[in-house]
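Q: What follows is a single structure, and I will ask about it in a moment.
Structure, rendered in structure tokens:
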């Protein structure tokens, strides 16, 4: 085999990578799940501990189709909307994304922080999957697909209107039980939603294909921060399950009526009570094939974001009874640990979160990765350097406005992410590195000026809240040149980010050899922001214009 190198620097870098490739592979291998003592999720002994997903899957909606379970959640300004799949309701894997861009003003210029997809609903109807969600600026969207893996239809704007939120469709079909099975008689379709600013709850008639609303809606309920409605029909009652009371301190309420437009009775069914689980609400009621019932909800847990819990549920006098009433006041409270909903199901834990492969492969980008706002697909590649992601620089004055920043949710409480950057094709004006993304953004990386490469850190904090005026966001931007404790980077650099989300702290490290990592600066606090938990990402932009590229490889 003959290898051709552009220059001496490329030869030295390639030699170094070959030397450390076995070590990099060792770092990339996750530990076998049976060896990990994690205080969440599947405990491998027939029980689980809440949260089942210590990751920012806020506003979760879960359905069952046959023996499979599917979840969607809010992704806001991060593109794609991931769909998760589970065989046992506790272990989850990301299987696809629903869309790859928003074709609306501001999405190519990063003007919609905290906008995008809010509180989606996922339903299965007559052999098709349907997803509905609202964006605060553009309106009510839907898409559908015959298979959860896609292809999903292009996003359809059902109603162009600002400030709607949390839609959920419902087909009021009649199920007829006959000697040879069941028959479904199609009924009227509806959509329930809330309004930005805490309600009210409104019910619309909808076309059977789900592509248009047929009226202006009827208000069926008003309550304290009433939002996130989910429709359910059970035993002759229409139920609307809603969170109330606000994100951090709220509770779950269930409404019921014999008529879809009410009047509705209401009952509080889940609250913090005597537990430490604040705001246990906003989620979905799901059954199993053997007739048990369960409730998914989120908990706002600080910097990590809104994490997913699973509660046992029963029915009593046609009301849901969720969790356990520890304090005896008649309202359920969240459980910490419980028996697995589905036992004796063989699970390949290596193919589930948090062990799913996120490496860059020529055949396509893993669905775990999400772009910040719309990507420019002409400026990135997985095939130029197989096994790595190549980012071609686009012009930007700062990180917040830079396109093609690729991001990853944090999963768990103690997290490391390590990348290797090939710097040989950087251009004058380039900024590239590793980002900690939250309310403020912390960056570590290199900047190129002329022929010199400098190591730097950057801190950005929003000074004007974009929800008031998305086109006039102002950032406090502090950049400082640092001495790289590992030496001066010239052709490559390893960068590592470590999250300790129990203490809500983060640390940056750097290395030139991939073996010895040096702490860069002091640990810093991380915060929930833009309605999202903190995450990490890889960025590359150029303040002088287009030009140059960086190649990123996942090490750990």
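In the numbering used here, the protein residues as written are 432 to 987.
Beta carbons are placed, not taken as given, at the ideal position from N, Cα and C, and that holds for glycine.
#1: Go through the region 586–665 residue by residue and report every complete run of the alpha helix (DSSP H) that reaches 4 residues or more, in order.
#2: Where does residue 452 land, buried or exposed, given buried means 16+ other C-beta within 10 angstroms?
#3: Can you look up residue 914 in the DSSP assignment and give me helix, strand or coil?
#4: Please state whether DSSP places residue 983 in a helix, a strand or coil.
#5: Assuming residue 633 and residue 649 form a contact by the criterion Cβ under 8 Å, report the distance between their Cβ atoms to the nearest whole angstrom.
#6: Helix, strand or coil for residue 923, going by three-state DSSP, please let me know.
#7: Taking the alpha-carbon positions, what's the residue 568 to residue 802 distance?
#8: Is the Cβ-Cβ distance between residue 662 and residue 623 less than 8 Å?
#9: For the beta strand (DSSP E) holding residue 669, just list the boundary residues, first then last.
#10: Give the straight-line distance between the Cα atoms of residue 765 and residue 513, rounded to the nearest whole angstrom.
#11: What's the call for residue 774, buried or exposed, on a 16-neighbour Cβ count within 10 Å?
#12: If distances are taken between C-alpha atoms only, which option among 758, 800, 733 comes closest to residue 701?
#13: Pick helix, strand or coil for residue 457, following the three-state DSSP scheme.
#14: Under the three-state reduction of DSSP, which class applies to residue 902: helix, strand or coil?
#15: Closest to residue 980 by CA distance: which of 612, 541, 743, 820 is it?
#16: Would you decide whether residue 731 is buried or exposed? Buried here means 16 or more other CB atoms lie within 10 Å of its CB.
#17: How many Å lie between residue 710 and residue 470 at the Cα?
#18: Go ahead and pull the three-state DSSP assignment for residue 783.
#19: Start and end of the beta strand (DSSP E) containing residue 838?
#20: Less than 8 Å between the CB atoms is what I'm expecting for residue 988 and residue 971, so what's the real figure, rounded?
#21: To the nearest angstrom, report how far apart residue 796 and residue 784 are at their CA atoms.
#22: Are residue 839 and residue 966 closer than 8 Å when you measure CB to CB?
#23: Within this structure, are the beta carbons of residue 852 and residue 734 separated by less than 8 Å?
#24: So what does residue 696 bridge to, in DSSP terms?
#25: Please go through the region 818–881 and give each complete beta strand (DSSP E) segment of 3 or more residues, from N-terminal end onward.
#26: Would residue 963 be called buried (16 or more neighbouring beta carbons within 10 Å of its own) or exposed?
#27: Using a threshold of 8 Å, state whether the C-beta atoms of residue 639 and residue 646 are closer than that.
#28: For residue 738, which of helix, strand or coil comes out of DSSP?
#29: Using the rule of at least 16 other Cβ atoms within 10 Å of the residue's Cβ for burial, across every protein chain shown, is residue 811 buried or exposed?
#30: For residue 977, which residues does DSSP report across the bridge?
#31: Buried or exposed for residue 680, please, with buried defined as at least 16 other CB atoms from any protein chain shown within 10 angstroms of its CB.
#32: Using the C-alpha atoms, what's the distance from residue 830 back to residue 880?
#33: Which word fits residue 835, buried or exposed, when buried means at least 16 other C-beta atoms lie within 10 angstroms of its C-beta?
#34: For residue 731, list the residues DSSP reports as bridge partners.
A: For this structure:
#1: none
#2: At residue 452 the pLDDT is 38, less than 50, meaning the model places this residue with poor confidence; the figure from the coordinates comes in the next sentence. Residue 452 comes out exposed.
#3: coil
#4: strand
#5: 7 Å
#6: strand
#7: 19 Å
#8: yes
#9: 668–675
#10: 26 Å
#11: exposed
#12: 758
#13: Because the pLDDT at residue 457 is just 36, under 50, the model does not fix this residue reliably, and the value given afterwards should be weighed accordingly. Here residue 457 sits in helix by DSSP.
#14: Caution applies to residue 902, whose pLDDT of 42 falls short of 50 and renders its modelled position unreliable; the value that the coordinates give is listed next. Three-state DSSP puts residue 902 in a helix.
#15: 820
#16: buried
#17: 20 Å
#18: coil
#19: 837–840
#20: Absent from the model: residue 988. The displayed extent of the chain is 432 to 987, so no value can be given.
#21: 17 Å
#22: yes
#23: no
#24: 687
#25: 820–823, 837–840, 845–853, 861–868, 872–880
#26: buried
#27: no
#28: strand
#29: buried
#30: In the DSSP output, where bridge partners are listed per residue, residue 977 has none listed.
#31: exposed
#32: 17 Å
#33: buried
#34: 737
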